[in-house]
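Trainee: Supplied in structure tokens, the structure appears directly below.
Protein chains: 2
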Amino acid sequence: MPQQDLQLQQDATALYEAVNQLVRFYQFRDRDLICCHDVSVTQCYALEFLAEHGSLRLQQLAELMLLDKSTSSRVVDSLVKKGYVTRIADINDRRAVALTVTDKGVALYQQIRAELIAQEQQLIAHLSPETRQASIEVIRALTAQVKQRATNSCGTRLCSD
Amino acid sequence: MPQQDLQLQQDATALYEAVNQLVRFYQFRDRDLICCHDVSVTQCYALEFLAEHGSLRLQQLAELMLLDKSTSSRVVDSLVKKGYVTRIADINDRRAVALTVTDKGVALYQQIRAELIAQEQQLIAHLSPETRQASIEVIRALTAQVKQRATNSCGTRLCSD
DNA sequence: TGTATTTAGTTGCAACTAACAACAAATTAA
DNA sequence: TTAATTTGTTGTTAGTTGCAACTAAATACA
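Going down the list, the sequences are from chains A and B. In this text, residue positions in the first sequence follow full-length UniProt numbering: the first is 1, and each later residue adds one. In this text, residue positions in the second sequence follow full-length UniProt numbering: the first is 1, and each later residue adds one.
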């Protein structure tokens, strides 16, 4: 194997391991997020989508989150119960509801977001702008790759045990 | 705010969003892994640790995986049931078991690993070695940061709903 | 040596997540 | 107007994980 290919293979392996670890440890950071604030990870994502989009139908939220509408409905339930989101009946279509983040919800979202961004900032402060850009690109590419495969997914439910 | 700081803040935000997305979509890739192969994500991690370390006590595995020993025990249960791992009684300490990956387990692990590495390789093939290295470093740094916080975690169980 | 303590692992239980299916209500199509 | 579709909720089920209680073995110590 030529020198270059060997290097590429090594880098790919390193990247695989690095990403693996990252994703694994993120679970635990996320558990922190849960207990330091007032929302679970899924609830936080929902809050994020709603805050970013202004107002969403349940169906839309479910699609964005790649969750079943029933699950989304219950996630919204808990956010409503905590006062972060309100369900407003749609005037034009009375089946539908407009999910909207309350001021309290916006405040929480912004607080969490600011905290997490501050941490990232600390992390990359010492890097050159070029390196930062490149890293972000790699992470985005990883996501794109994963996303694509998610679409090709067999989609079925898991096997036994 | 000076130009540089603004740039840093923007990069931090971009990184935050990129990582967020990556982690989120990884869940779904992982679900794929489950249905395409024969193991859950946690089972796969366990297999990985065991394959890398040769043989482990349950306790050690639990620590590596940051899981409770009861959970680890059950993860091992399922791997044993599927024939990927064996529990061998320790001769010196009859309380203990040596968890060992079977040939079948090694084969599965290597197959999964090879697949995933091949994907990473494809992803970074067009990047310069320097950029690759930098990206890997950033991802590792992210992990280190998260890991550190995991240690400071409050560790308690969640609130209601 | 014999009792107490510690350690290794398993099992019971409860909290949580999320999907599928069945449903009610409203809307749209025929 | 009736049938089909769409929107969202609720019932049920499967699965993951941690804590606590337990058994059995090993070690400490008096």
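Backbone N, C-alpha and C fix where the C-beta goes; we use that ideal spot for every residue, glycine too.
Is the separation between the beta-carbon of A/Tyr84 and that of A/Leu116 shorter than 9 Å?
Mentor: Not a contact, by the Cβ cut-off of 9 Å.
Trainee: Take every Cβ of the region 58 to 71 of chain B, pair it with every Cβ of the region 5 to 25 of chain B, and state whether three or more of those distances are shorter than 8 Å.
Mentor: With a cut-off of 8 Å, the region 5 to 25 of chain B and the region 58 to 71 of chain B do not count as touching, because too few Cβ pairs lie within range.
Trainee: In whole angstroms, what is the alpha-carbon distance linking B/Asn92 and B/Ser55?
Mentor: Between B/Asn92 and B/Ser55, the C-alpha separation is close to 15 Å.
Trainee: Considering only DSSP beta bridges, list what A/Thr100 is partnered with.
Mentor: The partner list for A/Thr100 (beta bridge, DSSP) reads A/Ser55 and A/Thr86.
Trainee: Give a yes or no on whether the minimum CB-CB distance between A/Leu6 and chain B is below 9 Å.
Mentor: Not closer than 9 Å to any Cβ of chain B, the Cβ of A/Leu6 fails to qualify, so no.
Trainee: Helix, strand or coil: which one does DSSP assign to A/Leu50?
Mentor: Of the three classes helix, strand and coil, the one that applies to A/Leu50 here is helix, per DSSP.
Trainee: Buried or exposed for A/Asp38, going by 16 or more other Cβ atoms inside 10 Å?
Mentor: Buried is the call here.
Trainee: Taking Cβ positions only, does A/Glu63 come closer than 9 Å to chain B?
Mentor: No, A/Glu63 lies away from the interface with chain B (no Cβ there is under 9 Å from its Cβ).
Trainee: Throw me the rounded Cβ distance for the A/Ala134 and B/Ala134 pair, which I believe falls under 8 Å.
Mentor: Contact flag correct, Cβ pair sits at about 6 Å.
Trainee: Give the interface partners of B/Leu116 over in chain A, defined as CB-CB distance under 7 Å, in chain order.
Mentor: What B/Leu116 touches in chain A: Tyr16.
Trainee: Can you tell me whether A/Val39 is helix, strand or coil according to DSSP?
Mentor: Correct three-state label for A/Val39: coil.
Trainee: Excluding the five sequence neighbours on either side, which residues of its own chain have a C-beta within less than 8 Å of the C-beta of A/Val19, listed in chain order?
Mentor: Excluding sequence neighbours, A/Val19 sits near Leu142.
Trainee: For A/Pro129, does the three-state DSSP call read helix, strand or coil?
Mentor: Three-state DSSP puts A/Pro129 in a helix.
Trainee: Express the C-alpha separation of A/Lys104 and residue 168 of chain B in angstroms, rounding to a whole number.
Mentor: In the structure as shown, chain B starts at 1 and stops at 161, and residue 168 of chain B therefore has no counterpart that could be examined.
Trainee: Could you work out which residues of chain B lie near A/Pro129, taking near to mean beta carbons separated by less than 8 Å?
Mentor: The answer, in chain order, is Gln7 and Asp11.
Trainee: With a 10 Å radius around its C-beta and 16 neighbouring C-beta atoms as the bar for buried, classify A/Thr130 as buried or exposed.
Mentor: Going by the sequence as given, residue 130 of chain A is Glu instead of Thr. Exposed, since its Cβ has fewer than 16 Cβ neighbours within 10 Å.
Trainee: Just how far apart, CA to CA, sit B/Leu123 and A/Cys36?
Mentor: Distance between the alpha carbons of B/Leu123 and A/Cys36 is about 36 Å.
Trainee: Let's see if you can read the secondary structure: which residues bound the alpha helix (DSSP H) around A/Leu79?
Mentor: Counting along the chain, the alpha helix (DSSP H) containing A/Leu79 begins and ends at Lys69 to Lys81.
Trainee: For A/Thr71, count the other beta carbons within 10 Å of its own beta carbon; 16 or more makes it buried, fewer makes it exposed. Which is it?
Mentor: Burial call: exposed.
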